[in-house]
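Inspection log for the structure reproduced underneath, given as structure tokens.
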Amino acid sequence: MTRHIGIINNKITKTLLSVLALLLFWQALSALLQLPALPGPVPSFKAFFLEMTGSLGFHFYVSAYRVLISLAISLVLAVPLGMVLGREEKIDQFVAPMIYLLYPIPKVVFLPVLLALLGLKDLPKVALITLVVFFQILVTTRDAAKNINRDLINSVVSLGAGRRDIYRHVVWPAAVPEVLTSLRIASGTAIAVLFISETVASQEGLGYYLLDAWSRMSYENMFAGIIAMGILGFVIYIILDIMEKRACPWK
Amino acid sequence: MNGLTGEGAMVRVNGLSLWYGGGEHRVQALDRISFTIPRGGTCAVIGPSGSGKSTLLYVFSGLLEEYSGEVLVDGEKVPRGRRKTALILQDHGLLPWKKVWDNAALGLAIRRVPPAIKRERIASILKEMGLWEMRNRYPSQLSGGQRQRIGIARALALEPDLLLMDEPFSSLDALTRETMQQLLLNIWLKDRITIVLVTHSIEEAIFLGQRIIVLSERPGRVVEVVDNPRAGRMDYRKTGEFYRMATRVRELLEH
Ligand SMILES: Nc1ncnc2c1ncn2[C@@H]1O[C@H](COP(=O)(O)OP(=O)(O)O)[C@@H](O)[C@H]1O
Ligand SMILES: [Mg+2]
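Line by line, the protein sequences are chains C and Y.
Residue numbers for the first sequence follow the UniProt record's numbering, so the first one is 1 and each next one is one higher.
Residue numbers for the second sequence follow the UniProt record's numbering, so the first one is 1 and each next one is one higher.
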């Protein structure tokens, strides 16, 4: 037990140390360059805490909401479809070529199309992030379902399992760890896509806030926005990491 | 119908041939196989790798349904998911994400057995198999012998009259293997289940198989059906008869 706590303490200490090192580097760089566009960490964090209670807090909320909704929609759509494609060969033969065609296209190029079709509010942003994350999860889930050991399926079938039992007892649990890993990795991309979508024809969200601060040459606020974006990504990553460990205790 | 009366065959195979794949990939796995297994008896299937031993078990358990010839289990054409047939495949078929208890109870859960009956039956089998203390662990936390026991527990929970096992002990070390062979023998002596055991160990085939089916290389043909009535006796291993039998089976395999 104490050893367990020791390991956690160790991990926290290491994280804190690397954060500290990063901040020192930032401080040194800004002190060295003396540019108004690169304020040090102290004024930046001051601006961050000040702004979080004001407009930055609102934009943070909007961005968090958009990215979380997108991740949820992607999961709900991609996981069942991926499992079916991985198990039902006939459907897969039909759909797989479409996936291979669409998967490598950088989905960001659809932003103008989505803006034209879906307006300028939340919808086009959510659609774009969902598009990106959906394909990653779809491909991962499909491969996980495909790679399940044949004898494992046969064993469960021999116990009397029907198709639904196979999905419930074998395919789903086999896919969960892979899905969570790919979701964790995709969350980084999701934030990047969110940023891009919010900098184009937008009035809300961290992307807008950042660009607005830049255009007003309010550099402390710009860095406050960057800090907010970093925290958003970090928190999502950590939550998914914890979920992954809790969901797969057998690993 | 009682297992001890031994009336009729539990498994009757007549001219069974089986091909995998289609077109130019067509591979013949079994070629006109015929033999019977008496009810309540044990049968060992031995043959070189690729001779169709696993395929044979797939057919008996109803997992493979496309073949020519006749296969009768308990007098009927094998229905898929026959409730009293239990199959244990090579890696025991355990689900890594289920605890020992849930793995053992999986067959009963799938068959929607009432929870109270399920609980009672699984508890008694886990205790019998020496797995009770480990019921809340995952298979990855157990030894090979213990994992094998879970596979057997899961099969026995179905209260089968036909137990099919594919090289069940091949991944175990020599000592554990003998313990497990003994355990299987005890189960058989107690319940008189018909047991079909696929193996590539001559010694195991002779110790456990009252009838030994020797298969040829692919496509699997029956080289000979050897009757080995003294199989299943605890002291058989030490007798001269055991060695004579081993020599005979080895010759059949090498020919
Ligand atoms: N799904 C399959 N498709 C094509 N060929 C197969 C398939 N399964 C098995 N075979 C072939 O059938 C033969 C018999 O296989 P198997 O029953 O697994 O043999 P054994 O268990 O005796 O090693 C082998 O030559 C194997 O390559
Ligand atoms: Mg085999």
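For glycine and all other residues, C-beta sits at the position ideal for the given N, C-alpha and C.
Please compile the residues from chain Y whose C-beta is within a distance smaller than 8 Å of the C-beta of Gly160 (chain C).
Going along chain Y in sequence order, the residues near Gly160 (chain C) (Cβ under 8 Å) are Gly81, Arg83, Gly107, Ile110, Arg111.
If we define contact as Cβ-Cβ less than 8 Å, is Ser61 (chain Y) a contact residue for chain C?
yes
Spatial neighbours of Gly57 (chain C) in its chain, beta-carbon cut-off 8 Å, leaving aside the 5 residues before and after
Glu51
Whether or not the region 14-25 of chain Y and the region 172-190 of chain Y are in contact is what I'm after, with contact meaning three or more pairs of Cβ atoms, one per stretch, closer than 8 Å; do they touch?
no
From the DSSP output, in three-state form, read off Arg218 (chain Y) for me.
coil
Just curious, the alpha helix (DSSP H) that Gly15 (chain Y) is in, first and last residue?
Counting along the chain, Gly15 (chain Y) falls outside any alpha helix (DSSP H), though it belongs to the beta strand (DSSP E) covering 9-20.
Which whole-angstrom value is the C-beta distance of Ser51 (chain Y) and Arg218 (chain Y), which I expect to be below 8 Å?
In this structure, Ser51 (chain Y) and Arg218 (chain Y) form a Cβ contact; the two beta carbons are roughly 6 Å apart against a cut-off of 8 Å.
8 Å Cβ cutoff, Val79 (chain C) in contact with chain Y
no
Using the three-state DSSP reduction, which class does Phe35 (chain Y) fall into: helix, strand or coil?
strand
Is DSSP giving Ile69 (chain C) helix, strand or coil here?
Helix.
Considering only the beta carbon of each residue, do Ser49 (chain Y) and Asp166 (chain Y) sit closer than 8 Å?
no
Skipping 5 residues on each side, what residues in its chain have a beta carbon closer than 8 Å to that of Leu4 (chain Y)?
In this prediction, Leu4 (chain Y) scores a pLDDT of 44, lower than 50, which makes its location untrustworthy; no coordinate-derived value is stated.
What's the gap between the Cα of Met1 (chain C) and the Cα of Pro36 (chain C)?
For Met1 (chain C), the predicted model reports a pLDDT of 49, less than 50, meaning its position is unreliable; a value from the coordinates is still stated below. The straight-line gap from Cα to Cα measures roughly 50 Å.
Quick check: what's the CA-CA separation for Gly130 (chain Y) versus Leu94 (chain Y)?
17 Å
Distance check for Asp143 (chain C) and Val95 (chain C), CA to CA, integer angstroms please.
14 Å
How many Å lie between Ala186 (chain C) and Ser197 (chain C) at the Cα?
Their Cα atoms are separated by approximately 16 Å.
Looking at the C-beta of Met243 (chain C), does it have a partner C-beta in chain Y at a distance below 8 Å?
no
Using the beta-carbon of each residue, which ones in chain Y are nearer than 7 Å to Asn154 (chain C)?
Leu63, Leu89
Say whether the region 191-211 of chain C touches the region 6-20 of chain C, bearing in mind that this needs 3 or more beta-carbon pairs closer than 8 Å, one atom from each stretch.
no
Chain C beta carbons: is any one of them nearer than 8 Å to that of Ser124 (chain Y)?
no
Look up Ser68 (chain Y) in the DSSP assignment and give the residues it is bridged to.
Y:Ser17
Can you list, in chain order, the residues of its chain with a C-beta nearer than 7 Å to that of Phe207 (chain Y)? Leave out the 5 residues immediately preceding and following it.
Gln181, Ala231, Tyr236, Arg237
What are the boundary residues of the beta strand (DSSP E) that Ile195 (chain Y) is part of?
194-199
CA-CA distance, Val170 (chain C) and Pro124 (chain C)?
36 Å
Could you pull the DSSP bridge partners for Met165 (chain Y) from this structure?
Y:Ile88, Y:Leu197
Compute the Euclidean distance between the alpha carbons of residue 278 (chain Y) and Ala153 (chain Y), then round it to the nearest angstrom.
Given a span of 1 to 255 for chain Y in the structure shown, any question on residue 278 (chain Y) remains unanswerable.
Those residues which DSSP pairs with Thr42 (chain Y) across a bridge:
Y:Ile195
Please say whether Phe135 (chain C) and Ile103 (chain C) have beta carbons closer to each other than 8 Å?
The sequence shown places Tyr at residue 103 (chain C), not Ile. Cβ distance < 8 Å, so Tyr103 (chain C) and Phe135 (chain C) count as in contact.
Alpha-carbon to alpha-carbon, Leu184 (chain Y) and Arg135 (chain Y):
21 Å
Over the uninterrupted alpha helix (DSSP H) stretch that includes Pro115 (chain Y), give me the two end residues.
115-128
Rounded to whole angstroms, what is the Cα-Cα separation between Ile110 (chain Y) and Val45 (chain Y)?
29 Å
Output the distance between the C-alpha atoms of Met245 (chain Y) and Gly144 (chain Y), rounded to the nearest integer angstrom.
Whole-angstrom Cα-Cα distance: 30 Å.
Looking at C-alpha atoms only, which residue of Y:Leu189, Y:Trp101, Y:Tyr243 is the closest neighbour of Glu203 (chain Y)?
Y:Tyr243 is the residue among Y:Leu189, Y:Trp101, Y:Tyr243 whose C-alpha sits nearest the C-alpha of Glu203 (chain Y).
Near ligand 2: Glu217 (chain Y) beta-carbon under 7 Å from a heavy atom:
no
Rounding to the nearest angstrom, what Cα-Cα distance links Glu178 (chain C) and Val157 (chain C) in this structure?
23 Å
Pick from Y:Asp91, Y:Val59, Y:Leu108: whose alpha carbon is nearest that of Leu159 (chain C)?
Comparing alpha carbon positions, the residue from Y:Asp91, Y:Val59, Y:Leu108 closest to Leu159 (chain C) is Y:Leu108.
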